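Quick note on numbering: the UniProt record's numbering labels position 94 of the sequence shown as 94, and the sequence is numbered without any gaps.
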Amino acid sequence: MSKKRKIIPYNPKLKELARQLRNNSTKAEIILWLKLKGKQMHGYDFHRQKPIDDYILDFFCHELMLGIEIDGYSHELIEIYQKDQKKEKRMNELGITILRFTDNQVLKDMFNVLLSIEDYIRRFEKHTPSPSQEGN
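What follows is the structure, encoded as structure tokens:
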């Protein structure tokens with residue numbers, strides 16, 4: 001019995017902007033992407049600059065329902081912070097958990113950034129039966 005994958009809506013108008021963002025990634029995004037791409041993170045498939053609803057997530061794994069956001073210095077501004085809060089609230093309504101890291105954390109403390117992501121995965125796997133365990 002295969003588990004149905006939840007369909008998550010997105011605004012098609014964001015596809016081109018997402019492409020532009022992928023082509024103009026920050027240094028922190030590039031460095032984290034090198035650790036996430038190609039199912040390197042415990043076999044999970046991450047996408048970058050993924051349109052979801054009316055937003056774009058820096059990184060997203062559908063199977064984990066996990067979004068990862070890298071916040072640059074502009075995110076310290078109150079207007080950007082408020083937009084981030086609204087975005088995170090909407091993602092939570094869609095069943096998506098958001099992990100946030102600063103550029104500085106990614107650039108200077110990648111070990112703990114990866115540890116946080118792995119911790120989320122361990123907790124997710126502990127509470128979510130794999131398809132091979134369902135019905136046993």
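Yeah, the Cβ is synthetic: ideal placement off N, Cα and C, and Gly gets one too. The structure displayed is predicted, hence computed values, not measured ones.
Buried or exposed by the 16-neighbour rule on C-beta atoms within 10 Å, applied to residue i
| i | result |
| --- | --- |
| residue 49 | buried |
| residue 111 | exposed |
| residue 17 | exposed |
| residue 32 | buried |
| residue 117 | buried |
Beta carbon of residue i nearer than 8 angstroms to that of residue j
| i | j | result |
| --- | --- | --- |
| residue 143 | residue 98 | Residue coverage of the chain in this structure runs from 1 to 136, which leaves residue 143 outside it and unanswerable. |
| residue 96 | residue 42 | no |
| residue 11 | residue 54 | yes |
| residue 36 | residue 46 | yes |
| residue 101 | residue 113 | yes |
Alpha-carbon to alpha-carbon, residue j and residue i
| i | j | result |
| --- | --- | --- |
| residue 65 | residue 103 | 22 angstroms |
| residue 51 | residue 67 | 11 angstroms |
| residue 61 | residue 106 | 18 angstroms |
| residue 30 | residue 19 | 14 angstroms |
| residue 59 | residue 13 | 19 angstroms |
| residue 83 | residue 15 | 20 angstroms |
| residue 94 | residue 9 | 9 angstroms |
| residue 134 | residue 119 | At residue 134 the pLDDT is 43, less than 50, meaning the model places this residue with poor confidence and gives no usable figure here. |
| residue 126 | residue 85 | 28 angstroms |
| residue 44 | residue 109 | 22 angstroms |
| residue 142 | residue 92 | No answer is possible for residue 142: the residues shown for the chain start at 1 and end at 136. |
| residue 1 | residue 128 | Because residue 1 carries a pLDDT of 44, less than 50, the predicted location of this residue cannot be relied on, and the following value inherits that uncertainty. One C-alpha to the other measures close to 15 angstroms. |
| residue 22 | residue 72 | 16 angstroms |
| residue 90 | residue 115 | 26 angstroms |
8 angstroms contact criterion, which residue i and residue j should meet: CB distance rounded
| i | j | result |
| --- | --- | --- |
| residue 56 | residue 26 | With 8 angstroms as the limit, residue 56 and residue 26 do not qualify as a contact, their Cβ atoms being about 14 angstroms apart. |
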